[in-house]
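Residue numbers (this note's numbering): 3 to 185.
Positions of the beta carbon are idealized from the N, C-alpha and C atoms, including for glycine.
Report on the structure given below.
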């Protein structure tokens with residue numbers, strides 16, 4: 003007598019999945035029980051005995067003074083005058099505040115142009131380039147991209163030159179190279 007068992011692959015996968023889940027659940031329950039039965043005990047390290055306590059109140063009450071350049075003798079001893087000792091225990095001298103004038107940061111016109119308009123080169127020609135949707139000749143001001151400088155006056159970028167894969171713009175005393183990306 004011969005027994006034939008025909009199991010579909012989907013049924014075998016399902017049985018293996020259920021068996022694996024039961025195995026994981028059994029391990030979880032067993033490990034949880036073992037963990038709960040463990041007894042934990044605090045571990046304490048050894049401490050060295052303290053022989054003397056530092057008196058921080060005395061240290062904090064001394065004034066802070068600037069270190070001076072003491073003279074040293076040939077044998078390594080430091081010569082300290084009475085004035086220096088007295089100065090260490092007297093009230094510190096008030097420091098005069100020097101008024102500093104803050105310089106206003108210079109606005110980079112090239113960074114302002116790139117952040118405001120994000121100019122892109124659309125194409126290159128022999129005498130000019132397509133920038134921002136318009137054709138501009140070399141030496142022309144790009145009137146569609148005005149930028150204000152720190153004084154409030156309007157500065158126009160100028161098409162300074164054309165290279166093989168880039169365009170040179172001049173704005174103020176700065177130069178920008180815009181790459182020509184062919185698609």
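Short of 6 Å in beta carbon distance, which residues of its chain neighbour residue i, apart from the five on each side in sequence? Order them along the chain.
i           : result
residue 143 : 158 and 160
residue 109 : 152
residue 137 : 130
Leaving aside the five residues before and after residue i along the sequence, list all residues of the same chain whose C-beta is less than 7 Å from its C-beta, in chain order.
i           : result
residue 182 : 123, 126, 167, 168 and 169
residue 12  : none
residue 184 : none
What are the partner residues of residue i, as DSSP defines its beta bridges?
i           : result
residue 168 : 181
residue 133 : 123 and 136
residue 87  : Answer by DSSP bridge pairing: none, since residue 87 is not bridged.
residue 161 : 171
residue 176 : 173
residue 143 : 160
residue 149 : 157
Taking residue i as the reference, give the member of the options with the closest Cα.
i           : options          : result
residue 2   : 133, 19 and 156  : Since the first residue shown for the chain is 3 and the last is 185, residue 2 is missing from the structure and cannot be characterised.
residue 130 : 102, 104 and 171 : 171
Looking only at its own chain, which residues have a Cβ that is under 8 Å from the Cβ of residue i, when we skip the five neighbours before and after it?
i           : result
residue 100 : none
residue 106 : 152
For my contact list, residue i and residue j are in at a C-beta cut-off of 8 Å; report their separation, rounded to the angstrom.
i           : j           : result
residue 140 : residue 164 : 6 Å
Any beta-carbon of chain B closer than 8 Å to the one on residue i?
i           : result
residue 109 : In summary, chain B is missing from the structure at hand, where a single protein chain is found.
Is it the case that the region 103 to 116 contacts the region 146 to 157, given that we only count it when at least three CB pairs across the two stretches are under 8 Å? With the cut-off at 8 Å, the region 146 to 157 and the region 103 to 116 touch.
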